[in-house]
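Residue numbers (the working numbering): 148 to 892.
Virtual Cβ for every residue (Gly too), placed ideally from N, Cα, C.
No experiment lies behind these values; they were computed from the predicted model shown.
Below: one structure, written as structure tokens.
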């Protein structure tokens, strides 16, 4: 039960490569980097081997012939919806053929990613007539399994003009062996990226104004094994030494990469002016920097000048692309700076993180604010920030982001905060982990019962009641869902709200499942009104679908035909149409088409209803969709399999209401079946009689029924007499009663 929201606010700096100031051109590597000749290109090397710099160099050389979509990744992108939002945005910026459809489908949540958003994106890329390369920089920061699987799916189905290039540390979890065997993989590794002596000479002379002898250059390359990060720091250190001291300095470079880096960073920091050294140390707690943020942390008013000075000094600070003066330190250098700060001024670290958190929170960057509060060991403030913002992320389908926020908090802080217990429960509910929800609900209800300033947390208790009501319905406890929905109404303020919408919706659909179709209509109509008032198209679509189903069940087919187009208009928006709630209009359409003698079109709608229902509908709804599809299926084996799946869902329902009779009716109502007339058995109705029966249960006259079925009045009367004879009755009312007893209605 979510409210549809717009897409995420994306950081523009992640969609542009860093500036190439001080870049050593490496034509020998650029000539080997030909991503448009392969589906996938992998540039794999440890930190500090110049992967990003090489990609920037390559981009500068191919700007006229290739459209490059750039995405710089970090650990915060381990959310499938957020990751693909960035990918789609990066591609749309460079490839006009990529439409809004994929992003709109993505707003329906992660379950719509594989079979809605990705196919839409691939179809759009198919229309591109110029080579397109998607660059995923620092792909090793992505650990989410769904992201890995969907990137692999993208690569395997790319059209001939589209390609993917990843920079990473270690082999990415992608189908490398298969792509390698097919000749669709290009690879550059650390040995390829090592600087040659000629490239080191260029680095020293062109970037740092140094002219070392060939023997010194040779020894420098050998000591660092061509490691670009070590060579860059060595060059900075050499620039501050007398020329005759270069040889002795190079001889000290012995040991592992990390040892050399520690040594060189110490050398570089020692030579910096005091003000600049203090500035880079205090700002090392940041993954990205801008002047106002740095001023907040350092108290200096000249942060822009300091950042420019640091960039010119070559100390591993790079200006990020996009709008605004954003920078970042090289990750290795930032880690070493932060370690140095923890040694020389450990007491200042928490305060720096607190200031950063306050700045990011004010700028609307909630994830970064939470990260800094966690580093500052401020679990209370971090918990408040999560509680205030998780619902926005959740409603946008960014479930993994909410998970990550909760994971940075101490477990006790989550269990003792009813708002955060609710967040955990909603995550589990949305992912279909229904059996794991109750403990979190119980913890939240226990925490909410504690008085706050002498007043109970009524709003929180109401929100938990909403969650419990939805959970009871999802697991197939119709009675429990109805009683809890009434409890929500008792706790609700009466003003239009999400809670009030859900309460009316649940009262309507539980009445539907209990067979009280007349009673279901009023709360469903009110749910539609409230959903429109609170701009909740998902709830509106859901309620309209149930209203149409209710109309079909009671034979009011004309009313169902009026309701359905309203709900189906909402489904035209992929953000709604790819969400599980859209299964209800499709299900209602399938039943209406079936009742009016259009089995082929009905089967198509039923199949779509099943596909959508599996994305998050309740057990009852999935089982109903399977039953409707089974009634319209072809071979008996297919129908039996569908009904067996539905029966398995039924076994897990505490109070399935009329689902058992619905499934029994579906088993008996297979076309062509003509069992013997034992007590309580189906009387072998013809296909036309099956179409006629639900119409007799409604209020249509025989002439109106004839118009629906495209039959003459006399033909309707003939079929009605035959139907009465088979049911052993003599009136329309008795026919409906007998049909319900036999499970035919």
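query                                                                                                                                                                      : result
Taking DSSP as the reference, what is the three-state secondary structure of residue 802?                                                                                  : strand
Use the C-beta contact count for residue 490: other C-beta atoms within 10 angstroms, 16 or more gives buried, fewer gives exposed.                                        : exposed
If you reduce the DSSP assignment to three classes, tell me which class residue 346 lands in.                                                                              : helix
Could you give the distance in angstroms between the alpha-carbon of residue 617 and the alpha-carbon of residue 655?                                                      : 13 Å
Which runs of the alpha helix (DSSP H) fall wholly inside the region 396-437 and span at least 4 residues, in chain order?                                                 : 404-418 and 421-429
So, for residue 464: in the same chain, excluding its five sequence neighbours on each side, which residues have a beta-carbon less than 6 Å away from its beta-carbon?    : 457, 458, 474 and 476
On a Cα-Cα basis, can you pick out the residue from 176, 486, 277 and 575 that is closest to residue 336?                                                                  : 176
From what residue to what residue does the beta strand (DSSP E) around residue 315 run?                                                                                    : 309-315
What are the boundary residues of the beta strand (DSSP E) that includes residue 284?                                                                                      : 279-284
Between residue 839 and residue 852, how many whole angstroms is the CB-CB distance? I'm expecting something under 8 Å.                                                    : 7 Å
Does the region 681-693 touch the region 718-727, meaning 3 or more C-beta pairs lie closer than 8 Å?                                                                      : yes
Going by Cα to Cα distance, which pick from 578, 536 and 431 is closest to residue 487?                                                                                    : 431
Closest to residue 408 by CA distance: which of 396, 479, 346 and 367 is it?                                                                                               : 479
Considering only the alpha carbon of each residue, which of 768, 215 and 266 lies closest to residue 301?                                                                  : 266
If contacts are defined as beta-carbon pairs under 8 Å, then residue 523 and residue 504 qualify, I think. What distance do you get, rounded to the angstrom?              : 6 Å
Between the C-alpha atoms of residue 534 and residue 256, what's the straight-line distance to the nearest angstrom?                                                       : 20 Å
When you compare the CB positions of residue 217 and residue 311, do they come within less than 7 Å of one another, or not?                                                : no
Hey, residue 777 and residue 813 are a contact pair by Cβ (cut 8 Å); roughly how many whole angstroms apart?                                                               : 5 Å
Do the region 740-760 and the region 551-560 meet, that is, are 3 or more Cβ pairs less than 8 Å apart?                                                                    : no
DSSP three-state label for residue 725, please.                                                                                                                            : coil
Can you give me the start and stop residues for the alpha helix (DSSP H) that residue 547 sits inside?                                                                     : 546-554
May I ask you to report which of helix, strand or coil DSSP gives residue 178?                                                                                             : coil
Ordered along the chain, which non-local residues of its own chain (more than five positions away) have a Cβ less than 6 Å from that of residue 275?                       : 242, 244 and 308
Inspect the beta-carbon positions of residue 396 and residue 375 and report whether they are closer than 7 Å.                                                              : no
Quick one: what's got a C-beta closer than 8 Å to residue 779's C-beta in the same chain, skipping five residues either side?                                              : 737, 741, 746, 749, 750 and 753
Kindly examine the ligand GTP and report whether one of its heavy atoms sits closer than 6 Å to the Cβ of residue 585.                                                     : Because no ligand of any kind appears in the structure shown, any question about the ligand GTP cannot be addressed here.
Look up residue 573 in the DSSP assignment and say whether it is helix, strand or coil.                                                                                    : helix
In the DSSP assignment, the beta strand (DSSP E) including residue 333 goes from what residue to what residue?                                                             : 332-335
Roughly how many angstroms separate the alpha carbons of residue 253 and residue 732, rounded to a whole number?                                                           : 20 Å
On a Cα-Cα basis, can you pick out the residue from 849, 791, 889 and 620 that is closest to residue 767?                                                                  : 620
Going residue by residue through the region 212-259, where are the continuous alpha helix (DSSP H) segments of at least 4 residues, counting only ones entirely within it? : 227-241 and 248-253
For the region 170-187 and the region 341-355, state whether three or more C-beta atom pairs, one from each stretch, are separated by less than 8 Å.                       : yes
Measure the C-alpha to C-alpha separation of residue 642 and residue 584 and round it to an integer number of angstroms.                                                   : 28 Å
Suppose contacts are defined by Cβ-Cβ distances below 7 Å. Is residue 203 in contact with residue 164 by that definition?                                                  : yes
Could you tell me the distance, in whole angstroms, from the CA atom of residue 513 to the CA atom of residue 159?                                                         : 16 Å
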